[in-house]
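Protein chains in written order, with my numbering: chain A, 1 to 480; chain B, 481 to 839; chain C, 840 to 1215. Below is one structure, written out as structure tokens, with a few remarks after it.
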Amino acid sequence: MNDSGRQENKEPNMQPSMEYAMAELRNCADLNHLKLPEIGVDFVYFGHFIGSQEFTREISEPFTHIRADEVDQLLKRTIYKPITESQSLIKAILSGEVAVFHGSNTYSVKAYDPKSRAIEESQTESVIVGPHDGFVEEVEVNVSLIRRRVKSSHLKVIKLEIGELTKNHVYVMYINDVVNMEHVNELVHRISGVEMDAVFDGNMLVQYIEDNPNSIFPLFISTERPDTAASMLAEGKVIAILNGSPSVICAPASFFEFFSSPDDYYQRWPVGSALRLLRLFALFMTLTLTPIYVSVTTFHYEMVPETLLLSLAQSRSRVPFPPLFEAILMEITIELLREAGARLPTKIGQTIGIVGGIVIGQAAVQAGITSNILIIAVASSAIASFVIPSYIMSSCIRLVRFPLIILAGLLGNFGFMLGIGFIIVHLAGLTSLKNSYLTPLAPSNLKDWGDIFIRAPFSMLKKRPFVNQSPNPVRNKMRK
Amino acid sequence: MMEKLHPFHVSIMIYMNQSGVIALILPRLFASNYGYNGWLSLAFFFAVSILNIYLISLVYHYGQGRSIFEILEASLPKFFLFPLYVLLAALWTLIGCFAAKQFVFIFQMLDFPTTHPMLLKLLLDILAFSLVIKGIYSISKATTVFFWLFVWMHLLVIYFFGEFQWVRLTSFVFQGETDFVQGGFDIYSAFLGLEIALLLLPYAEKNKKLTRAVYIGNLMSVLAYLVVSVISFGVYSLEQLKRQQYPVLDLLSYIKLPFIERMENLLFAFILFPVLVSVVLYTWASVLALKRIAPKADTNWLAFAALAFSFGAAWVPDVISEVEMLLKYFSYAEEGIAFGLPLLLIIVLLFQRKGHTHA
Amino acid sequence: MHKISRIGAALIIPLLLPACADQRILEELGTVHTTSYDLLPEEEGKSSKELLITMTIPKNDPENRKVREEILTTTSINSKGGRIRLSRKTELSLVSGQLRNVLFGSRLAKEGIWPLMDTFQRDPSISQRLKITVVDGSAHDLVTEKYPPHPMTGPYIERMLEKQEKSKMSAEATLYDFTRDYYDDGIDPIAPIVKKQGGNVVMEGIALFNEDRYMTKIPADEVLIFGFLQGDFRQGELSMDFGESANKEANNAMFTSLISKRKIKVFANRSRDDITVNVSVQIKGSVLEYNGKMDLSIDQDRRKLERLISEQITDKANDMISKMQKNNVDSLGLGQYVRNSMSYGRWKKLNWEEVYPHVRVHCKATMVIKDYGKFK
């Protein structure tokens, strides 16, 4: 943006002209130039941005049926925006408008309708019950998907530009009176501060505007689901939509919000609560299972119950490596399988799963490379990690496990607890839009626990989450 | 945005700072110093701790939101105060240091017979350092999480209801070989940690709520000590309790679950959290004191210096009995500080008031 | 500062490696399951008594995918010394963290077992739940004997004891229980006693200790009576034969689902050292088997049966108590109740050890038949 400002200063009040536009956009083979010499009008545009219906409606229809002296009259319509600066002319063409040149006057008209992906369900955040639409790459479609859900004049949208090279648009949305304006200002300030040549995805944008970009944990939620985004707005969060990305950023966020899924609210509350507890248990399991296996088999043989001792020793007895090495080996294998599965088409991915999971697992045990109890531990903790609804959080948790396993292998339970201590100390220092990342655990806000550890009945969720610092915290005014 | 400490967090910090390895030893201290039903003396110590907090609350009241350093510096000359600050900083650092060393030694006894204890201590100090430099607000947040990870362990006492027998408590009170005075000083070290409340004033919400929070934190400790002590007295016989080095550790080792046994191996690791909180809070306090002497010094470097000093000092005691002896003497000194410092502050404040009304 | 902490973090990893020296990797350990101690016959020219130490170590046989038991024996003057000697005989490093049961030969038990218990107390790797068991005869012989239906002797004995405990046919005696009672001045410790008989290990009863010396035992048939006197319990089975005791009306009966409650009252006269202890036991149970002439559906007959049983239990209990008094073992913990009935000064003056054999103890048992089954 600074760059463009400089250019404007360099060439003040330069009259927009077709020659200028053609010169600026030379060597762009995809540029279309339509001449209507009989009425003295020229159109310059990128054909692939323009919808054929729109083109017919705005250009071919009106301009083909008039005489030369009627052109001025036609161009007074408000859809034809007069352009006075050469820079905004180029910008308009690049963002999909049709430039209309008539004599010395220049206008632009919107006929933007690029081909885009149809609205379909998000692959990463699918739900069983609930809306099945998902965000697409087109920001206007995404904004519309949200406004369809929040039909309120309080829903405000701020348009920002980002990427000095890519000139992409970011829409910051919030609900007035529900959001804490400090958060909006902070987010807008941070997005405006980004000075990068190119930003392609919401999750990429997040890393420029987070409080601590070096943290392993995601500090803002990103979602591909319009219903989630709308509920975030209603909770008092700010959301930011980057053009070209189906990932919508929601802030501020707390650690525990990454463990809730829209499903929880669409199910009956006991079921939703059970699911929440299940996910937290999954978090616990995925963090502890393998480290505890390593620590017990390496240091704390006392802890094994008598009945388990022999089968554990038996399955370990043929393994040539120490437990730490064995566990790291298996964990890396599982990660390889996961990564291979993610990069391949679904059908081949399944084959990989079967080959990797069953064949290698079985063969590894029989060959005496690993013990079968470790396979169980590694596999269950991998499954548990996939239970976490946010893919980004789930990847973080899986990565965090490795240092824990190493510490447990080197220093047993002491090392393991030390690792947990480091994670907690790190988490305690994190903030999301200057709000504590560990809310409502620390600072403890017991009222919010009903929407974090369980999903309490709606009659008990009367307030918006504390982390959003909403000026209007009451959301449920029903008596019962 | 200057964040304030919520009273709940103050309670938790006080509680976590007080508990630690001492909670594992406390039943033995009661048994060997106060004899039969020695746990009853907890009421007395509770009263003393309330008095202690009352003194602190008077400082709050008269000090009107000023930090203790500001109060002192308003009336006393710097050449008197600086040695005092150095003394306080050294004492606080060393208490945290020896508490950590004791924890490490016990862990070494349990699981790492040949690993160098200073290695374990180093890791603990690094963890402490990474928390201290984040400031008191993050310390309070981490403490809260540590609290939830630690406090559930008290529910384990339910496991011992089956072994508990009232008849073992006996009908005698404070009989047998007793040593009320020195034992009293030893036991009161379990309440040390509440004097940190003196330093929290500028960071917390209202004075009144802060005082109440300190009382509540102290009460939480007392309840935890009470439960552990009563259970120990009802599960062990008195002579046995006197001979057990870490009776609560033995209690934990009795726990057996279908999938895991000998829980003390795992549960003792949880004691890391209160120990860590003690180290962190005491280091934080000594950094505050050092900061008054060298206001321009970088806080991180001061914390680094304090912990490096603590690490160096931890080399001195080489066996567990030396650590325990040193910890004991430093605890006596700290008990003096816990009462002496508020008293000094109150006297200074009263003089300031007097001067104020006269002028 | 950040740079320093990062460099510091990188330096830590190599520092951690020395901890590997303390690793105790599961499959490299010989986890001793059962240890037995016997006193060797004294030889001339040797000052200290030598112990015969035997350990059983469950071991994996990866080739045959089978578990077998390794049994090692040595002589030594103390427990840990024995372990050092034994470890010369095996490729595994012997550890005691999984030690479940310790057996003492009766000769050793009579001499006193406390010197050996010291290491159990001191060693942090030893479980508080370690079982203390006395063997009638030689513990070494009992452990080294092959019991064909039970390939692993150690777990066999341990599980047998555990099952007996559950049905109150044995007494619970873990390291924790034993130490607690040993140090308590108002109770003496107990332990189950087993014996080799034929091809089996048989429960012999309960060994009663005075301090740490094995004095006498309660035979297996009377363990339940001891259980009644020892404290409250639920579960257990009682079989009674009245053949010779009274007018030949009833022959025998079997009770199940016993619920027993014990109460102890102490009357200690202030002026004289005159102490009376009343033990009252209340037992409820259902009849599972009855052979006799009485009709249990008639209230009067049932009362009669209850009275008969009550009398018999009372007699047996009183006999048992006088036996304990004669041997000067206060296994029931009567001392605890006497202690709680008086002031500290008086208790200290009273030498319970000496007074106990002469204390008047009255036991009264009452039996209540809850139901008599689904058959009239």
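Don't be surprised by glycine CBs; every beta carbon is placed ideally from N, CA and C. Note that the structure is predicted; figures quoted are calculated from it, not measured.
- Scanning chain A for C-beta atoms nearer than 7 Å to the C-beta of residue 870(C) yields 301 and 309, reported in chain order.
- Across the structure, residue 308(A) and residue 711(B) are spaced so that their CA atoms are roughly 31 Å apart.
- The Cβ atoms of residue 1062(C) and residue 977(C) do not sit closer than 9 Å to each other.
- By alpha-carbon distance to residue 1045(C), the top candidate from 1026(C), 1098(C), 974(C) and 1070(C) is 974(C).
- Listed in chain order, the non-local C-beta contacts of residue 685(B) below 8 Å within the same chain comprise 484, 485, 486 and 487, local neighbours out to five positions each way being set aside.
- Counting every other CB atom within 10 Å of its CB across the protein chains shown gives residue 23(A) a total below 16, marking it as exposed.
- What residue 1108(C) touches in chain B, judged by beta-carbon distance under 7 Å, is nothing: the nearest beta carbon there is about 17 Å away.
- The three-state reading of DSSP puts residue 621(B) in helix, counting H, G and I together.
- Taking a C-beta distance under 9 Å as the contact criterion, residue 89(A) and residue 104(A) do not qualify as a contact pair.
- Taking a Cβ-Cβ cut-off of 9 Å, the neighbours of residue 734(B) in chain C comprise 966, 967, 968, 1013 and 1015, given in sequence order.
- Along the stretch 1176–1208 of chain C, none of the residues has a CB nearer than 9 Å to a CB of chain A.
- Exposure of residue 354(A) is indicated by the presence of fewer than 16 other C-beta atoms within 10 angstroms of its C-beta.
- For residue 1057(C), the pairing in a beta bridge is given by DSSP as 1045(C).
- Taking 9 Å as the cut-off, the beta carbon of residue 717(B) is found no closer than this to the beta carbon of residue 1129(C).
- Not one beta carbon of chain A lies nearer than 9 Å to the beta carbon of residue 1058(C).
- The Cβ atoms of residue 134(A) and residue 144(A) do not sit closer than 9 Å to each other.
- The beta-carbon of residue 413(A) is placed less than 9 Å from the nearest beta-carbon of chain B.
- Around the beta-carbon of residue 69(A), fewer than 16 other beta-carbon atoms lie within 10 Å, marking it exposed.
- Those residues of the stretch 888–899 of chain C placed with their C-beta closer than 7 Å to a C-beta in chain A are 897 and 899, ordered along the chain.
- In the three-state reduction of the DSSP assignment, residue 1094(C) falls in the strand class, which pools E and B.
- Here the stretch 256–266 of chain A does not lie against the stretch 370–383 of chain A, with fewer than 3 beta-carbon pairs under 8 Å apart.
- The Cβ atoms of residue 793(B) and residue 585(B) lie no closer than 9 Å to each other.
- Separation of the CB atoms of residue 137(A) and residue 246(A) is rounded to 6 Å, and the pair is thereby assigned contact status at 8 Å.
- The beta carbon of residue 443(A) sits closer than 7 Å to those of 436, all from its chain and outside the five residues before and after it, given in chain order.
- Beta-bridge pairing by DSSP links residue 34(A) to 43(A).
- Secondary structure of residue 1080(C) (DSSP, three-state): strand.
- Cβ-Cβ distances below 7 Å link residue 83(A) to 16, 89, 92, 106, 107 and 108 in the same chain, with the five nearest sequence neighbours on each side left out; the list follows chain order.
- For residue 945(C), the number of other beta carbons within 10 angstroms of its own is at least 16, and it is reported as buried.
- DSSP places residue 225(A) in the coil class of the three-state scheme, outside both helix and strand.
- Of the residues 1164(C), 979(C), 1073(C) and 1114(C), the one whose Cα lies closest to the Cα of residue 891(C) is 979(C).
- Taken atom to atom, the span from the alpha-carbon of residue 1024(C) to that of residue 327(A) is near 52 Å.
- The residue among 267(A), 18(A), 228(A) and 202(A) with its C-alpha nearest the C-alpha of residue 45(A) is 18(A).
- Nearest in C-alpha terms to residue 291(A), of all of 399(A), 368(A) and 364(A), is 399(A).
- The residue from 1017(C), 897(C) and 1119(C) with its alpha-carbon nearest to that of residue 1067(C) is 1119(C).
- Across the structure, residue 423(A) and residue 439(A) are spaced so that their CA atoms are roughly 16 Å apart.
- At least 9 Å separates the CB of residue 962(C) from every CB of chain A.
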